[in-house]
Amino acid sequence: LFHTLIRTLHAIGRALDAKTDAAKAFRQRVKSALQLRDYARARECLANVDEHRAITLRRQIEQIDGLGDNAPARLLAELRELHPALWHKPQVRLEPWEDPDVLWNTAAGIQKKTEERDHLVNVEMRENAKRIGEAASHGDLSENSEYKFALEERDFLRARLAQMNNELSIAQAIDAAGVPTDRVGIGSRVVLRPVEGGEQRELTILGPFDTDIDRRIYNYRAPICQQLLGKSRGARVTLALDGVESEFEIAEIANGLETFVKA
Numbered sequence: 029l030f031h032t033l034i035r036t037l038h039a040i041g042r043a044l045d046a047k048t049d050a051a052k053a054f055r056q057r058v059k060s061a062l063q064l065r066d067y068a069r070a071r072e073c074l075a076n077v078d079e080h081r082a083i084t085l086r087r088q089i090e091q092i093d094g095l096g097d098n099a100p101a102r103l104l105a106e107l108r109e110l111h112p113a114l115w116h117k118p119q120v121r122l123e124p125w126e127d128p129d130v131l132w133n134t135a136a137g138i139q140k141k142t143e144e145r146d147h148l149v150n151v152e153m154r155e156n157a158k159r160i161g162e163a164a165s166h167g168d169l170s171e172n173s174e175y176k177f178a179l180e181e182r183d184f185l186r187a188r189l190a191q192m193n194n195e196l197s198i199a200q201a202i203d204a205a206g207v208p209t210d211r212v213g214i215g216s217r218v219v220l221r222p223v224e225g226g227e228q229r230e231l232t233i234l235g236p237f238d239t240d241i242d243r244r245i246y247n248y249r250a251p252i253c254q255q256l257l258g259k260s261r262g263a264r265v266t267l268a269l270d271g272v273e274s275e276f277e278i279a280e281i282a283n284g285l286e287t288f289v290k291a
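For reference, each letter of the sequence shown is one residue, going 29 to 291 in my numbering.
Take a look at the structure:
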């Protein structure tokens, strides 16, 4: 009977005549029945349902309309206490490069970005404020191109600062001891051998603050690196290096932080 009542309430909520007097009266009777003895009977019914039925009941109770807020909330609380597994969210293990809330960089890269941010605030933005003041002193602002340019520059600098602050707020230093050598990870130095023959390529995968294309140091979030991360020695990948797409085999994986620090 309990399941029938919940199913009927759910159906009434979806019907076109859900607001008729008869529908309202039925909801009120059901609500009163559920609340008897402080929901004791409802709890007994919920205790006797299996997990499969409990999943359906949860969805139906969440979508019930017309019982107010307290009754559905109490039924869901009882259901959660009796079937806690329905609310359990399995922990999904993210690889470091998959975590959107962390921006991995070397400690040196973080320090460099911090210094860039400080220079932006203490030098560039102050110089811009000075230019705004000087341009404003020239008279009619509506015809003052220097003033408009200075304001546009201010907006650009503020946007840069916001981006820097956001990136620095989630930046974490790569731990050299945690860099894998059995597969490609953040901090790896990778040697790539062209499958069709030719010169081997070498690249190091670090953070966006560390990127230096001339030294073949790439941001781990770049598409090329995303194709390599997690792969082991011997794996084959198709990469576009120097504008030419070719198939490579991962010939060697080493800790790239050692080379990076020495350089």
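By construction, the Cβ of each residue, glycine as well, lies at the ideal position given by its N, Cα and C atoms. Keep in mind it's a predicted model, so treat the numbers as computed, not measured.
Where does the unbroken beta strand (DSSP E) through leucine 131 begin, and where does it stop? In the DSSP assignment, leucine 131 falls within the beta strand (DSSP E) that extends over 131-133.
For glycine 297, which of Glu90, Ala164, Ala279, Glu155 has the nearest alpha-carbon? A query on residue 297 cannot be resolved here, the shown segment of the chain reaching from 29 to 291 and no further.
For leucine 110, the nearest candidate out of Arg86, Gly215, Ala53 (CA to CA): It is Arg86 whose Cα lies nearest to the Cα of leucine 110.
For arginine 221, which of helix, strand or coil comes out of DSSP? Three-state result, arginine 221: strand.
Could you check where the alpha helix (DSSP H) with asparagine 194 kicks off and where it finishes? Start and end: 173-197.
At a cut of 8 Å, does the region 172-181 reach the region 245-259 through at least three beta carbon pairs? Verdict: no, contact absent.
Nonlocal neighbours in the same chain, by C-beta distance under 7 Å from alanine 163, ignoring five residues either side: Hits under 7 Å: Asn172, Glu174, Tyr175, Ala178.
Taking DSSP's pairing of strands, which residues face tyrosine 246 in a bridge? Looking at the DSSP assignment, tyrosine 246 forms a beta bridge with Ile233.
Any idea what DSSP makes of threonine 239, helix, strand or coil? Threonine 239 sits in coil when the DSSP states are folded into three classes, being neither helix nor strand.
Shortest alpha-carbon distance to valine 77 belongs to which of Ala99, Gln88, Leu107? Taking only the C-alpha atoms, the option nearest valine 77 is Leu107.
Let me know if proline 112 comes out buried or exposed under the rule of 16 or more other beta-carbons within 10 Å of its beta-carbon. Using a 10 angstroms sphere on the CB of proline 112, the tally of other CB atoms stays under 16, which defines it as exposed.
Serine 216 classed as buried or exposed, judged by whether at least 16 other C-beta atoms fall within 10 angstroms: Serine 216 sits buried, since 16 or more C-beta atoms from the chains shown fall within 10 Å of its C-beta.
Beta-carbon spacing of valine 3, alanine 199 below 9 Å: Outside the modelled stretch of the chain, which goes from 29 to 291, sits residue 3, for which no answer is possible.
So what does DSSP say about asparagine 283, is it helix, strand or coil? Residue state for asparagine 283 is assigned as strand, using DSSP reduced to three classes.
Valine 149 to glutamine 139, Cα distance in whole Å? Answer to the nearest angstrom: the Cα atoms are 15 Å apart.
Looking at isoleucine 241 and threonine 232, is the spacing between their C-beta atoms short of 9 Å? Taking 9 Å as the cut-off, the beta carbon of threonine 232 is found no closer than this to the beta carbon of isoleucine 241.
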